[in-house]
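Working notes, structure below.
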Amino acid sequence: WMCIPFAWMNPLVQPLSSLEVDWIGHVNSNEWWYYVDYGLLLIFGGIPWQVYFQRVLSSKTAGRAQLLSYVAAAGCILMAIPPVLIGAIAKGT
(Lines of atoms letter the chains of each structure in order from A and count residues from 1; the text may use other names and numbers.)
(Lines give C-alpha, C1' and ligand atoms only; values in the text may rest on other atoms or scores of the structure.)
Protein backbone atom coordinates (compact mmCIF):
# COMPACT_ATOMS: atom_id res chain seq x y z
CA TRP A 1 0.00 0.00 0.00
CA MET A 2 2.86 2.39 0.67
CA CYS A 3 4.16 2.50 -2.90
CA ILE A 4 0.77 3.25 -4.52
CA PRO A 5 0.72 7.05 -3.94
CA PHE A 6 4.31 7.44 -5.13
CA ALA A 7 3.73 5.39 -8.27
CA TRP A 8 0.40 7.10 -8.98
CA MET A 9 1.85 10.61 -8.68
CA ASN A 10 4.65 9.93 -11.15
CA PRO A 11 4.37 12.51 -13.96
CA LEU A 12 4.78 9.81 -16.63
CA VAL A 13 1.61 7.97 -15.57
CA GLN A 14 -1.42 8.81 -17.68
CA PRO A 15 -4.75 9.24 -15.89
CA LEU A 16 -6.30 5.82 -15.33
CA SER A 17 -9.58 7.04 -16.83
CA SER A 18 -7.80 8.06 -20.04
CA LEU A 19 -9.02 6.47 -23.25
CA GLU A 20 -5.49 6.46 -24.63
CA VAL A 21 -4.51 3.54 -22.41
CA ASP A 22 -5.09 0.17 -24.10
CA TRP A 23 -6.74 -1.82 -21.30
CA ILE A 24 -7.58 -4.87 -23.39
CA GLY A 25 -4.58 -6.83 -24.58
CA HIS A 26 -4.34 -10.14 -26.35
CA VAL A 27 -3.11 -13.60 -25.48
CA ASN A 28 -0.72 -15.32 -27.84
CA SER A 29 -1.69 -18.80 -28.94
CA ASN A 30 1.34 -20.33 -27.22
CA GLU A 31 0.42 -18.72 -23.85
CA TRP A 32 -3.17 -19.84 -23.38
CA TRP A 33 -2.01 -23.01 -21.61
CA TYR A 34 -0.80 -20.81 -18.76
CA TYR A 35 -4.34 -19.53 -18.26
CA VAL A 36 -5.70 -23.09 -18.31
CA ASP A 37 -3.07 -24.10 -15.75
CA TYR A 38 -3.89 -21.18 -13.44
CA GLY A 39 -7.60 -21.89 -13.79
CA LEU A 40 -7.11 -25.53 -12.81
CA LEU A 41 -4.96 -24.42 -9.88
CA LEU A 42 -7.79 -22.17 -8.69
CA ILE A 43 -10.36 -24.92 -9.14
CA PHE A 44 -8.47 -27.79 -7.51
CA GLY A 45 -6.31 -25.82 -5.08
CA GLY A 46 -2.59 -25.70 -4.50
CA ILE A 47 -0.18 -26.18 -1.63
CA PRO A 48 -1.30 -23.03 0.29
CA TRP A 49 -4.78 -24.53 0.71
CA GLN A 50 -3.42 -27.09 3.16
CA VAL A 51 -2.46 -24.32 5.59
CA TYR A 52 -5.98 -22.92 5.42
CA PHE A 53 -7.58 -26.31 5.99
CA GLN A 54 -5.27 -26.99 8.94
CA ARG A 55 -6.32 -23.73 10.56
CA VAL A 56 -10.01 -24.35 9.99
CA LEU A 57 -9.96 -27.99 11.10
CA SER A 58 -7.92 -27.19 14.22
CA SER A 59 -10.40 -24.57 15.44
CA LYS A 60 -12.10 -25.41 18.72
CA THR A 61 -15.59 -24.52 17.53
CA ALA A 62 -17.38 -24.36 14.21
CA GLY A 63 -18.18 -20.69 14.85
CA ARG A 64 -14.52 -19.84 15.26
CA ALA A 65 -13.68 -21.69 12.03
CA GLN A 66 -16.42 -19.77 10.23
CA LEU A 67 -15.18 -16.45 11.61
CA LEU A 68 -11.63 -17.33 10.57
CA SER A 69 -12.85 -18.01 7.04
CA TYR A 70 -14.70 -14.69 6.81
CA VAL A 71 -11.74 -12.73 8.14
CA ALA A 72 -9.43 -14.51 5.71
CA ALA A 73 -11.77 -13.72 2.80
CA ALA A 74 -11.85 -10.04 3.75
CA GLY A 75 -8.06 -10.03 4.06
CA CYS A 76 -7.68 -11.63 0.63
CA ILE A 77 -9.92 -9.02 -0.97
CA LEU A 78 -8.11 -6.21 0.83
CA MET A 79 -4.68 -7.50 -0.19
CA ALA A 80 -5.77 -7.96 -3.83
CA ILE A 81 -6.32 -4.22 -4.31
CA PRO A 82 -2.64 -3.08 -4.41
CA PRO A 83 -1.59 -5.49 -7.21
CA VAL A 84 -4.56 -4.36 -9.30
CA LEU A 85 -3.64 -0.71 -8.79
CA ILE A 86 0.04 -1.36 -9.50
CA GLY A 87 -0.90 -3.19 -12.70
CA ALA A 88 -3.17 -0.32 -13.78
CA ILE A 89 -0.44 2.22 -13.03
CA ALA A 90 2.09 0.15 -14.98
CA LYS A 91 -0.30 -0.10 -17.94
CA GLY A 92 -0.81 3.67 -17.86
CA THR A 93 2.92 4.40 -17.95
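Under my numbering, think of the first position of the sequence shown as 4, with each following residue one higher.
Backbone N, C-alpha and C fix where the C-beta goes; we use that ideal spot for every residue, glycine too.
{"Asked": "The stretch 70-80 contacting the stretch 88-96, beta-carbon criterion three pairs below 8 Å", "Found": "no"}
{"Asked": "The alpha helix (DSSP H) enclosing Gln57, as first and last residue numbers", "Found": "Pro51 to Leu60"}
{"Asked": "Burial state of Gly95, where buried means 16 or more other Cβ atoms lie within 10 Å", "Found": "buried"}
{"Asked": "Whole-angstrom distance between Met12 and Cys6, CA atom to CA atom", "Found": "10 Å"}
{"Asked": "Cα-Cα separation, Ala65 to Leu71", "Found": "10 Å"}
{"Asked": "Euclidean distance between Cα positions of Ala68 and Leu60", "Found": "7 Å"}
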